[in-house]
Amino acid sequence: MLGGGLRQGGWQMDFCRLTEELWRVYLCGDAGEKQKMVSEWLDEDCVIIGTGAHEFYTNKQDFYKAMSQESEEVEEVSFRFENLRCRERKTGEDACLVYGVLYIRGSSADGKVQIDMDSRYSVLYERRGDRWKIVHIHQSMPNLEQREGEYYPKTLTEQVQKAQEEAGRMALLAQRDGLTGLINYHTFEEIWKKGDRTEKWLFIVDLDDFKKINDTYGHMEGNQVLKTIAGLLNRVVRTHDLVCRMGGDEFLLLCGGISSMKGAARLAERIVDCIAAHRTEKAWPSISVGGTEILPDEKLESAIERADKALYSVKRTTKNGYRIE
Numbered sequence: 237m238l239g240g241g242l243r244q245g246g247w248q249m250d251f252c253r254l255t256e257e258l259w260r261v262y263l264c265g266d267a268g269e270k271q272k273m274v275s276e277w278l279d280e281d282c283v284i285i286g287t288g289a290h291e292f293y294t295n296k297q298d299f300y301k302a303m304s305q306e307s308e309e310v311e312e313v314s315f316r317f318e319n320l321r322c323r324e325r326k327t328g329e330d331a332c333l334v335y336g337v338l339y340i341r342g343s344s345a346d347g348k349v350q351i352d353m354d355s356r357y358s359v360l361y362e363r364r365g366d367r368w369k370i371v372h373i374h375q376s377m378p379n380l381e382q383r384e385g386e387y388y389p390k391t392l393t394e395q396v397q398k399a400q401e402e403a404g405r406m407a408l409l410a411q412r413d414g415l416t417g418l419i420n421y422h423t424f425e426e427i428w429k430k431g432d433r434t435e436k437w438l439f440i441v442d443l444d445d446f447k448k449i450n451d452t453y454g455h456m457e458g459n460q461v462l463k464t465i466a467g468l469l470n471r472v473v474r475t476h477d478l479v480c481r482m483g484g485d486e487f488l489l490l491c492g493g494i495s496s497m498k499g500a501a502r503l504a505e506r507i508v509d510c511i512a513a514h515r516t517e518k519a520w521p522s523i524s525v526g527g528t529e530i531l532p533d534e535k536l537e538s539a540i541e542r543a544d545k546a547l548y549s550v551k552r553t554t555k556n557g558y559r560i561e
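Each residue of the sequence shown is one higher than the one before, counting from 237 in this note's numbering.
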């Protein structure tokens, strides 16, 4: 008999009331009441599946052992029942299924433990001679990510996919210049370290008197100029060449398939002419270009230093031109 005065009996038993009382003892009863509950109502081979991955018991002894080990922690928690309801269904002459909702909240005195568990459960009773025993308990928590009409949680899969896509997008953003969409200098450095630089040339492109555009037309117009020039540089080089925004109004180009200084000069001239052809814009700069052949196993800083030297030779004299070192 439990605290509610429920006794073993026939079909006149109120299985729902019994189940509710068992839940209260399990969550709020003392050690003696819990031991009595297990002894009186659980079948020796009762199978119990709880909400935790580890909560899978195939006999009452294992369940009672686990419950006893957790009792000290549970005793420190004050539970309250937000929702406890059930229905019963006869499944045979000697069997009754009880199923329902158990929603509990709880907290420890120091507030370190907080419990908010909305679960569903089923309890199967079977008659063993002149007594009723619980042969199976299953408690589970609904997957809140599973949409109505779904029979498996596709929503979670979608969220994982979205998270992966977002991670990929963020990784791409980290590689790109936010204004022009070109690769940034850090990405250029990483590619330089890993790539084959045989028969490749490095070019630095600098916008002439770009500050005047910002001062005269404003920074928004200046930004538009940078974006347009970035697009033009991408089009004037080959598909596998690299165009990088180095910073400010400077761009780096890593171009392959050039076997001579004449070939490098032709490409530099084509770049200068391509930008000059768009001078119909109200705010449009000319450019200066410095180029250098990359030496075997050369560090990026060394190649930039030579290309920079060629670039500023142009900027100190004519501008709107190129020089190859």
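By construction, the Cβ of each residue, glycine as well, lies at the ideal position given by its N, Cα and C atoms.
Bear in mind that the values here come from a model prediction, so they are computed numbers and not experimental data.
Under the three-state DSSP convention, the category VAL349 falls into: Along the sequence shown, one-based indexing puts residue 349 at 113. Shown here, VAL349 sits in coil according to DSSP, grouped into three states, outside any helix or strand.
Tell me, to the nearest whole angstrom, how far the beta carbon of GLU256 is from that of CYS322; I am working on the premise that it is less than 8 Å. By one-based count along the sequence shown, residue 256 stands at place 20. By one-based count along the sequence shown, residue 322 stands at place 86. Confirmed, about 7 Å.
DSSP puts GLU486 in a beta bridge; with which residues? Here residue 486 refers to the residue found at position 250 when the sequence shown is read from its first residue. In DSSP, GLU486 forms a bridge with ASP442 and GLY483.
What is the DSSP secondary structure of ARG615, counted as helix, strand or coil? The structure shown does not extend to residue 615, since the chain is modelled only from 237 to 561, so the question has no answer here.
Let me know the secondary structure DSSP gives ILE530 once reduced to three states. Reading the sequence shown from its first residue, position 294 is the one you call residue 530. Note: ILE530 maps to coil in three-state DSSP.
With a threshold of 7 Å on Cβ separation, who are the neighbours of TRP277 within its own chain once the five nearest residues in sequence on each side are excluded? Position 41 of the sequence shown, counted from the start, is the residue given in the question as residue 277. Taken in chain order, the residues that qualify are LEU258, LYS369 and ILE370.
Do the CB positions of LEU205 and ILE511 come within less than 8 Å of each other? As displayed, the chain neither begins before 237 nor continues past 561, which places residue 205 out of reach and without an answer.
Answer yes or no: do ILE440 and CYS480 have a C-beta to C-beta separation smaller than 8 Å? Position 204 of the sequence shown holds residue 440. Position 244 of the sequence shown holds residue 480. Not a contact, by the Cβ cut-off of 8 Å.
For ILE523, which of helix, strand or coil comes out of DSSP? What you label residue 523 is simply residue 287 of the sequence shown in a count that begins at 1. Strand.
Could you tell me if GLY527 is buried or exposed, where buried requires 16 or more neighbouring beta carbons within 10 angstroms of its beta carbon? Walking along the sequence shown from the start, residue 527 turns up at place 291. GLY527 comes out buried.
Taking a contact to mean a Cβ-Cβ separation below 8 Å, would you say VAL461 touches PRO521 in this structure? Indexing the sequence shown from 1 puts residue 461 at position 225. Indexing the sequence shown from 1 puts residue 521 at position 285. Taking 8 Å as the Cβ cut-off, VAL461 and PRO521 qualify as a contacting pair.
Which residues does DSSP list as the beta-bridge partners of VAL359? By 1-based counting over the sequence shown, the position of residue 359 is 123. Within the DSSP secondary-structure output, VAL359 pairs in a beta bridge with VAL334 and ILE373.
Close beta carbons around THR553, own chain, < 8 Å, minus the five adjacent residues each side: In the sequence shown, the residue the question calls residue 553 occupies position 317. Nothing meets the Cβ criterion.
If we ignore side chains and look at the alpha-carbon of each, how far apart do THR287 and GLN375 end up? Here residue 287 refers to the residue found at position 51 of the sequence shown. Here residue 375 refers to the residue found at position 139 of the sequence shown. Approximately 6 Å between the Cα atoms of the pair.
In whole angstroms, what is the alpha-carbon distance linking ARG341 and ARG316? The residue labelled residue 341 in the question sits at position 105 within the sequence shown. The residue labelled residue 316 in the question sits at position 80 within the sequence shown. Put simply, the backbone Cα of ARG341 is about 6 Å away from that of ARG316.
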